[in-house]
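Student: Same order as they appear, the protein sequences are chains A and B.
Under this note's numbering, the first sequence has 181 at position 181, and the numbering climbs by one with no breaks.
Position in the second sequence counted from 1, then plus 1000, gives you this note's numbering.
Number of protein chains: 2
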Amino acid sequence: MDVKTLCLGVLSRGEASGYEIKKAFAEGPFSHFHQASFGSIYPALNALAAEGLVEVREQAQDKRPDKKIYSITPKGRNALVAALMTEPAPDAMRSDFLFILSFAQYLPPARVDQLIDQRIAWYREALARMEACACNETIPAGPAFVRGMGIAVYRAAADYLEANREKLLAEIGESALMVAE
Amino acid sequence: MDVKTLCLGVLSRGEASGYEIKKAFAEGPFSHFHQASFGSIYPALNALAAEGLVEVREQAQDKRPDKKIYSITPKGRNALVAALMTEPAPDAMRSDFLFILSFAQYLPPARVDQLIDQRIAWYREALARMEACACNETIPAGPAFVRGMGIAVYRAAADYLEANREKLLAEIGESALMVAE
DNA sequence: GCCCACCTATATAGGGTTGATATATGCAGG
DNA sequence: CCTGCATATATCAACCCTATATAGGTGGGC
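1. To the nearest whole angstrom, what separates the beta carbons of His32(A) and Leu6(A), a pair I think is in contact under 8 Å?
2. Could you tell me the distance, in whole angstroms, from the CA atom of Leu1101(B) to the CA atom of Glu1166(B)?
3. For Arg57(A), which residues does DSSP report across the bridge?
4. Taking Cβ to Cβ, would you say Gly76(A) is nearer than 8 Å to Val56(A)?
5. From Pro140(A) to Glu174(A), what does the alpha carbon distance come to, in whole angstroms?
6. Is the beta carbon of Leu1127(B) sitting closer than 8 Å to the one on Ile1151(B)?
7. If the cut-off is 7 Å on Cβ atoms, which residues from the region 58 to 87 of chain A count as contacting chain B, listed in chain order?
8. What is the DSSP secondary structure of Ala36(A), counted as helix, strand or coil?
9. Anything in the region 101 to 132 of chain A with a Cβ closer than 7 Å to a Cβ of chain B? List those residues in chain order, please.
10. By the 10 Å Cβ neighbour count, where 16 or more other Cβ atoms means buried, how is Tyr19(A) classified, buried or exposed?
11. Leaving out five residues on either side along the sequence, give the residues of the same chain with a beta carbon under 8 Å from the beta carbon of Asp1002(B).
12. For Ala121(A), which option in Asn46(A), Ala158(A), Gly28(A) has the closest C-alpha, if you only look at C-alpha atoms?
13. My assumption, with CB atoms under 8 Å, is that Leu8(A) sits in contact with Ala79(A). Please give the rounded CB distance.
14. Beta-carbon separation of Met130(A) and Arg119(A) under 8 Å?
15. Closest Cβ-Cβ distance between Val1146(B) and chain A: below 8 Å?
16. Quick one, are the C-beta atoms of Phe145(A) and Ala1104(B) less than 8 Å apart?
17. Cβ of Asp1091(B) within 8 Å of Cβ of Phe30(A)?
18. List the residues that DSSP assigns as beta-bridge partners of Arg1013(B).
19. Compare the Cα-Cα distances from Met1149(B) to each of Thr138(A), Met149(A), Ala163(A) and report the closest residue.
20. Leaving out the 5 sequence neighbours to the left and right, which residues in its chain are closer than 8 Å to Pro88(A) when beta-carbon positions are compared?
21. For Phe1033(B), go through chain A and note every residue whose CB falls closer than 7 Å to its CB, in chain order.
22. With a threshold of 8 Å between beta carbons, is Ile172(A) in contact with chain B?
23. Looking at C-alpha atoms only, which residue of Arg94(A), Tyr70(A), Val112(A), Ala83(A) is the closest neighbour of Ser17(A)?
24. I'd like the span of the alpha helix (DSSP H) that includes Ala1132(B), first residue to last.
25. My understanding is that Tyr106(A) touches Tyr154(A), with C-beta atoms under 8 Å, so please give their C-beta distance in whole angstroms.
26. Could you tell me which residues DSSP pairs with Met93(A) in its beta bridges?
27. Only counting the same chain, and skipping five residues up and downstream in sequence, which positions put a Cβ closer than 8 Å to that of Lys1022(B)?
28. Could you check if Ala170(A) is buried or exposed, using at least 16 other CB atoms within 10 Å of its CB as the buried criterion?
29. Could one say the Cβ of Asn164(A) lies closer than 8 Å to chain B's Cβ atoms, at least one of them?
30. With a threshold of 8 Å between beta-carbons, can Gly1039(B) be considered close to chain A, or not?
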């Protein structure tokens, strides 16, 4: 699933500029399971335009660089569906948080406490945002399903952290004492 | 959290060759939240050796290339702890599965059904493996905590998929009928 | 028995991605 | 008034991943 396909996916939901596509990956509904940066989005859009999978429309703007608005073509929609039918690559997660916590024994308990605090706050905030945006508008079945899964997983993570933090802190507190003795 | 730090983390748990470090990221306890490939591990180990953070010991082997066994130095341990004290980058997840499911409306229901089947099977298998490796040996508090969190999250994901798949399939089945009419 | 596929083991080239930076301007808050 | 942030596109170096090269051992199917 390369950046070209991801851009097609965003554009299938409506026309957008490169900047807006970047925002979709930074804040939008895709942000929880895929990211892309300017350095990959702009070349991808150029390649997609060259292949006829997207169309460009330049919009002049006052005192700002011209906005290049991209829209998906019928050929582009076919390419997107073809990509969606290929075997998905295995999920990959990168979490510095979990990596650091694997070495909790070597860290000051205050540091571990603070990390877990921050993470719980982050999950709760993300959950509030995800749960809020559903009431007013009817969203299609696919996005609704994915959103529900995100909520279920984040809630499980936050609940686990809250339920088990004291036990972890007690255990690394003990071993810190043992080292001191 | 670059590959050099990840290698130090693996080596802090015992000496290993580049090949074994790669296996730790492919199958070991880190595999669920960080990955690294040969193309990044070997240069990272060379750089770490040049900086005096790891030591190399060459072990001749019958009918195979010499094994270079790396071990972390006291200086390396300090560097690891220093890295663990820096602010962790935000978690990032890449899931082609969720990306594809966001476009479930455009896909044949049979395809969606198959994807969810495969994913549930994958989660259940991962859970079985993760739950199995705890009974016999006593693992430190940090890894135990991280392992528990992984189990909680995977279980929530699998449960969600099982509980909501019928609803999704019913909804995209309906819209498929509407398109046909 | 034989062949194919996979495992051990290191290394590199090529291509894709990230993160930082450059450019230019408006707007809000201290 | 000035700093920081948002809009908007674009590029570059550093980093990382995928695929490949090399080379022999091991296990399963036919």
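By construction, the Cβ of each residue, glycine as well, lies at the ideal position given by its N, Cα and C atoms.
Tutor: Here's the rundown:
1. Reading the first sequence from its first residue, position 32 is the one you call residue 32(A). Reading the first sequence from its first residue, position 6 is the one you call residue 6(A). With a Cβ gap of about 13 Å, His32(A) and Leu6(A) do not count as contacting.
2. Position 101 of the second sequence, counted from the start, is the residue given in the question as residue 1101(B). Position 166 of the second sequence, counted from the start, is the residue given in the question as residue 1166(B). Rounded to the nearest angstrom, the two C-alpha atoms are 14 Å apart.
3. Within the first sequence, numbered from 1, the residue matching residue 57(A) stands at position 57. BP columns for Arg57(A) point to Ile69(A).
4. Numbered from 1 along the first sequence, position 76 holds the residue referred to as residue 76(A). Numbered from 1 along the first sequence, position 56 holds the residue referred to as residue 56(A). Result no, Cβ atoms of Gly76(A) and Val56(A) do not sit closer than 8 Å.
5. Translated into the one-based positions of the first sequence, residue 140(A) becomes position 140. Translated into the one-based positions of the first sequence, residue 174(A) becomes position 174. Answer to the nearest angstrom: the Cα atoms are 51 Å apart.
6. By 1-based counting over the second sequence, the position of residue 1127(B) is 127. By 1-based counting over the second sequence, the position of residue 1151(B) is 151. Taking 8 Å as the Cβ cut-off, Leu1127(B) and Ile1151(B) qualify as a contacting pair.
7. Val81, Leu84, Met85
8. Numbered from 1 along the first sequence, position 36 holds the residue referred to as residue 36(A). Ala36(A) falls in the coil class under three-state DSSP.
9. Leu101, Ser102, Phe103, Ala104, Gln105, Tyr106, Leu107, Arg111
10. Here residue 19(A) refers to the residue found at position 19 of the first sequence. The residue in question, Tyr19(A), is exposed, as its Cβ has fewer than 16 Cβ neighbours within 10 Å.
11. Numbered from its first residue, the second sequence carries residue 1002(B) at position 2. Within the same chain, Asp1002(B) has close Cβ partners Ala1044.
12. Position 121 of the first sequence, counted from the start, is the residue given in the question as residue 121(A). Among Asn46(A), Ala158(A), Gly28(A), the Cα nearest to that of Ala121(A) belongs to Ala158(A).
13. Reading the first sequence from its first residue, position 8 is the one you call residue 8(A). Reading the first sequence from its first residue, position 79 is the one you call residue 79(A). Right, the Cβ-Cβ distance comes to about 6 Å (below 8 Å), so this counts as a contact.
14. For this step, residue 130(A) is matched to residue 130 along the first sequence. For this step, residue 119(A) is matched to residue 119 along the first sequence. No, the pair does not count as a contact, with Cβ atoms beyond the cut-off.
15. Here residue 1146(B) is taken as the residue at index 146 of the second sequence, counted from 1. Closer than 8 Å to some Cβ of chain A, the Cβ of Val1146(B) qualifies, so yes.
16. As a working note, residue 145(A) is residue 145 in the first sequence. As a working note, residue 1104(B) is residue 104 in the second sequence. In contact: Phe145(A) and Ala1104(B) (Cβ atoms closer than 8 Å).
17. Stepping through the second sequence from its first residue, residue 1091(B) is reached at position 91. Stepping through the first sequence from its first residue, residue 30(A) is reached at position 30. Not in contact: Asp1091(B) and Phe30(A) (Cβ atoms no closer than 8 Å).
18. As a position in the second sequence, residue 1013(B) is number 13, starting the count at 1. Answer is none; Arg1013(B) lacks a bridge partner.
19. On the second sequence, position 149 is the one that residue 1149(B) refers to. The residue with the shortest Cα to Cα distance from Met1149(B) is Ala163(A).
20. Here residue 88(A) corresponds to residue number 88 of the first sequence, with the count starting at 1. The residues are Met1.
21. Position 33 of the second sequence, counting from 1, holds the residue named residue 1033(B). Result: Met93, Arg94, Ser95, Leu98, Phe99.
22. The count along the first sequence starts at 1 and reaches residue 172(A) at position 172. Yes - at least one Cβ of chain B is within 8 Å of the one on Ile172(A).
23. Along the first sequence, one-based indexing puts residue 17(A) at 17. Answer by Cα proximity: Tyr70(A).
24. Position 132 of the second sequence, counted from the start, is the residue given in the question as residue 1132(B). Segment 1109 to 1132, the alpha helix (DSSP H) holding Ala1132(B).
25. Taking the first residue of the first sequence as 1, we reach residue 106(A) at position 106. Taking the first residue of the first sequence as 1, we reach residue 154(A) at position 154. About 28 Å; that fails the 8 Å criterion.
26. Translated into positions along the first sequence, residue 93(A) becomes position 93. Met1093(B), per the DSSP bridge assignment.
27. Looking up residue 1022(B) in the second sequence gives position 22. Taken in chain order, the residues that qualify are Ala1036, Ser1037, Phe1038, Ile1041.
28. Translated into positions along the first sequence, residue 170(A) becomes position 170. When all chains shown are included, Ala170(A) counts as exposed.
29. What you label residue 164(A) is simply residue 164 of the first sequence in a count that begins at 1. It does; some Cβ of chain B falls within 8 Å.
30. What you label residue 1039(B) is simply residue 39 of the second sequence in a count that begins at 1. Not an interface residue.
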